[in-house]
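Colleague:
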Amino acid sequence: MACSSHQLTTSHELELWRDLRGKVVMVTGASSGIGWELCIDLVKYGCRVIVAARRIDRLKALCDKINNFDISGCQVNRSDVLAVAVEIDVSADGPNIEASVRKAWGAFGRIDALINNAGVPGPVQSILDLSQEDWDNIFKTNLRGAWLVSKYVCLRMRDSNQGGSVINISSMAGLNRVYHFGMVAYNCSKAALDTMTRAMSIELGEHNIRVNSIAPGLLKSEITEGLLQKKWINNVASKTMPLKEFGKTDPLLTSLVRFLIVPSSSYITGNIFIADAGYTLPGVPLYSSL
76 MACSSHQLTT SHELELWRDL RGKVVMVTGA SSGIGWELCI DLVKYGCRVI VAARRIDRLK
136 ALCDKINNFD ISGCQVNRSD VLAVAVEIDV SADGPNIEAS VRKAWGAFGR IDALINNAGV
196 PGPVQSILDL SQEDWDNIFK TNLRGAWLVS KYVCLRMRDS NQGGSVINIS SMAGLNRVYH
256 FGMVAYNCSK AALDTMTRAM SIELGEHNIR VNSIAPGLLK SEITEGLLQK KWINNVASKT
316 MPLKEFGKTD PLLTSLVRFL IVPSSSYITG NIFIADAGYT LPGVPLYSSL
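Residue numbering for the sequence shown follows the working numbering, starting at 76 and increasing by one per position.
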């Protein structure tokens, strides 16, 4: 049976989310967890990626996986490079971060999208016990680092007159209804990151640079595997999350990230996209009150 024009149009629009050929994306915090999975997904849909983090051995392993194997896991011989590793410590000072960004930009001669994914949770401690050193380290990594990487990438986007997309990976912890005891610095850093997202979107709009945040809830990953096996955390899901289960980076975040890169999202900036199975909805009971 022939497809209707509506079906064809819808199919074409959906394919646009999947076609990222020619796009170059820089991902910080790419050595594990969400960052690692985002890089794998982006390459599947045609991107070239700059994988950036402190652990260069992990980055090289990721590049080897991307450059030497196809999406089904079979080894291939490629003449083109799809992934390049760049060592970066986002808690470092400006000149060091600028040097890393310069290397990242030079890898493929451009960056079309930046994903600020690097972050640290810090220790779980009362606000009365938290040290100034821990507070400063969390903010240097989660907020100042995202600002500095964005600054040096967006300067190049502006000067090359190409536009681009910046995606900040925030957290539901930064939303005003959520408070996780003992994580005041982390919560504050993510709330500040969302505020920076809005401010950046206003200032960079004239350069056709869009800036958005994604605020995920707790996701299944290699980092959270042990935690999600605990009975109490599954009680949280069953009693406080309308969708009753924890999601995975793919497809929960991967599809949203791709959407924020492709032209289909060219009218979207300054938004905080919440992906938390409804955990932060008003009216949903807090676990501590049950």
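From the three backbone atoms N, C-alpha and C, an ideal C-beta is built for every residue, glycine too. None of the values given here were measured: they were computed from a predicted structure.
#1: Answer with buried or exposed for residue 96, where buried requires no fewer than 16 other C-beta atoms within 10 angstroms of its C-beta.
#2: Is the beta carbon of residue 243 sitting closer than 7 Å to the one on residue 270?
#3: What's the gap between the Cα of residue 214 and the Cα of residue 261?
#4: Exposed or buried, what is residue 256 when buried is set at 16 or more other beta-carbons lying within 10 Å of its beta-carbon?
#5: Span of the alpha helix (DSSP H) holding residue 247?
#6: In this structure, what does DSSP give as the bridge partners for residue 285?
#7: Is the beta carbon of residue 241 closer than 7 Å to that of residue 189?
#8: Nearest-angstrom Cα distance between residue 305 and residue 231?
#9: Please work out which residues of its chain come closer than 6 Å, Cβ to Cβ, to residue 34, disregarding the five sequence neighbours upstream and downstream, and give them in chain order.
#10: Does DSSP classify residue 338 as helix, strand or coil?
#11: For residue 338, does the count of other Cβ atoms within 10 angstroms reach 16, so buried, or fall short, so exposed?
#12: Once you ignore the five residues that flank residue 349 on each side, which residues in its own chain have a CB closer than 6 Å to its CB?
#13: Looking only at C-alpha atoms, which of 336, 316, 205, 101 sits nearest to residue 182?
#14: Let me know the alpha helix (DSSP H) ranges lying completely inside the segment 161 to 199, each 4 residues or longer, listed in chain order.
#15: Could you check how far apart the C-beta atoms of residue 352 and residue 322 are, in whole angstroms? I think they sit under 8 Å.
#16: Using DSSP's beta-bridge definition, name the partner residues of residue 123.
#17: Quick check on residue 143: buried or exposed, where buried means 16 or more other Cβ atoms within 10 Å of its Cβ?
#18: If you check the beta carbons only, do residue 158 and residue 141 fall under 7 Å apart?
#19: Determine the direct distance from the alpha carbon of residue 178 to that of residue 165, and round the result to whole angstroms.
#20: Between residue 249 and residue 268, which are expected to be in contact by the criterion C-beta below 8 Å, what is the C-beta distance as a whole number of angstroms?
#21: CB residue 172 to CB residue 127, shorter than 7 Å?
#22: Can you name the residues that DSSP bridges to residue 291?
#23: Provide the residue(s) that pair with residue 256 in DSSP beta bridges, ordered along the chain.
#24: Where does residue 159 sit, in a helix, a strand or coil, going by DSSP?
#25: Over what stretch of residues does the alpha helix (DSSP H) that includes residue 299 continue unbroken?
#26: Helix, strand or coil: how does DSSP classify residue 144 here?
#27: Going by DSSP in three states, residue 128 sits in which element: helix, strand or coil?
#28: With DSSP collapsed to three states, give me the class of residue 86.
#29: Tell me where the alpha helix (DSSP H) around residue 233 begins and ends.
#30: For residue 103, tell me which candidate among 134, 116, 311, 119 has the shortest Cα-Cα distance.
Modeller: Let me lay it out:
#1: Translated into positions along the sequence shown, residue 96 becomes position 21. With fewer than 16 Cβ atoms within 10 Å of its Cβ, residue 96 is classed as exposed.
#2: Stepping through the sequence shown from its first residue, residue 243 is reached at position 168. Stepping through the sequence shown from its first residue, residue 270 is reached at position 195. Result no, Cβ atoms of residue 243 and residue 270 do not sit closer than 7 Å.
#3: Start at 1 with the first residue of the sequence shown, and residue 214 comes out as number 139. Start at 1 with the first residue of the sequence shown, and residue 261 comes out as number 186. For residue 214 and residue 261, the distance between alpha carbons rounds to 8 Å.
#4: One-based indexing of the sequence shown puts residue 256 at position 181. Residue 256 is exposed by the Cβ-count criterion.
#5: Within the sequence shown, residue 247 is the residue found at index 172, counting from 1. DSSP places residue 247 outside any alpha helix (DSSP H), giving it a letter other than H or E.
#6: Start at 1 with the first residue of the sequence shown, and residue 285 comes out as number 210. 240, per the DSSP bridge assignment.
#7: The residue given as residue 189 occupies position 114 in the sequence shown. The residue given as residue 241 occupies position 166 in the sequence shown. Yes.
#8: Counting from 1 along the sequence shown, the entry for residue 305 is found at position 230. Counting from 1 along the sequence shown, the entry for residue 231 is found at position 156. Using only the alpha carbons, I get a separation of about 46 Å.
#9: Because the chain spans 76 through 365 in this model, residue 34 falls outside it and cannot be assessed.
#10: Along the sequence shown, one-based indexing puts residue 338 at 263. Three-state result, residue 338: helix.
#11: Counted from its first residue, the sequence shown places residue 338 at position 263. Under this definition residue 338 is an exposed residue.
#12: As a working mapping, residue 349 is identified with position 274 in the sequence shown. Around residue 349: 290.
#13: Within the sequence shown, numbered from 1, the residue matching residue 182 stands at position 107. Of the candidates 336, 316, 205, 101, the residue whose Cα lies closest to the Cα of residue 182 is 101.
#14: DSSP runs (the alpha helix (DSSP H)) wholly in the segment 161 to 199: 169 to 183.
#15: Position 277 of the sequence shown, counting from 1, holds the residue named residue 352. Position 247 of the sequence shown, counting from 1, holds the residue named residue 322. At roughly 6 Å, the Cβ-Cβ gap stays under 8 Å, so residue 352 and residue 322 are in contact.
#16: On the sequence shown, position 48 is the one that residue 123 refers to. Answer is 99, bridged to residue 123.
#17: What you label residue 143 is simply residue 68 of the sequence shown in a count that begins at 1. Looking at its Cβ environment, which holds fewer than 16 other Cβ atoms inside 10 Å, residue 143 is exposed.
#18: The residue labelled residue 158 in the question sits at position 83 within the sequence shown. The residue labelled residue 141 in the question sits at position 66 within the sequence shown. Closer than 7 Å, so yes.
#19: Residue mapping note: residue 165 aligns to position 90 of the sequence shown, counting from 1. Residue mapping note: residue 178 aligns to position 103 of the sequence shown, counting from 1. One C-alpha to the other measures close to 14 Å.
#20: Taking the first residue of the sequence shown as 1, we reach residue 249 at position 174. Taking the first residue of the sequence shown as 1, we reach residue 268 at position 193. Confirmed, about 6 Å.
#21: Numbered from its first residue, the sequence shown carries residue 172 at position 97. Numbered from its first residue, the sequence shown carries residue 127 at position 52. In this structure, the beta-carbon distance from residue 172 to residue 127 does not fall below 7 Å.
#22: Position 216 of the sequence shown, counting from 1, holds the residue named residue 291. The partner list for residue 291 (beta bridge, DSSP) reads 350.
#23: On the sequence shown, residue 256 is found 181 positions in, with the first residue counted as 1. DSSP, once it has assigned bridges, lists no residue as partnering residue 256.
#24: Stepping through the sequence shown from its first residue, residue 159 is reached at position 84. In the structure shown, the three-state DSSP call for residue 159 is strand.
#25: Position 224 of the sequence shown, counted from the first residue, corresponds to residue 299. Per DSSP, residue 299 is not a residue of any alpha helix (DSSP H), being assigned neither H nor E.
#26: Sequence index remark: in the sequence shown, residue 144 carries index 69 (1-based). Three-state DSSP puts residue 144 in a strand.
#27: Indexing the sequence shown from 1 puts residue 128 at position 53. Looking at residue 128 - three-state DSSP - the assignment turns out to be strand.
#28: For the purposes of this step, residue 86 is taken as the residue at position 11 of the sequence shown. Only weak support is given to the placement of residue 86: the predicted model assigns it a pLDDT of 44, under 50, and the value that follows is read from those uncertain coordinates. Reduced to three states, the DSSP call for residue 86 is helix.
#29: Residue 233 sits at position 158 when you count from the first residue of the sequence shown. Boundaries of the alpha helix (DSSP H) around residue 233: 220 to 234.
#30: Here residue 103 is taken as the residue at index 28 of the sequence shown, counted from 1. Closest by alpha carbon: 134.
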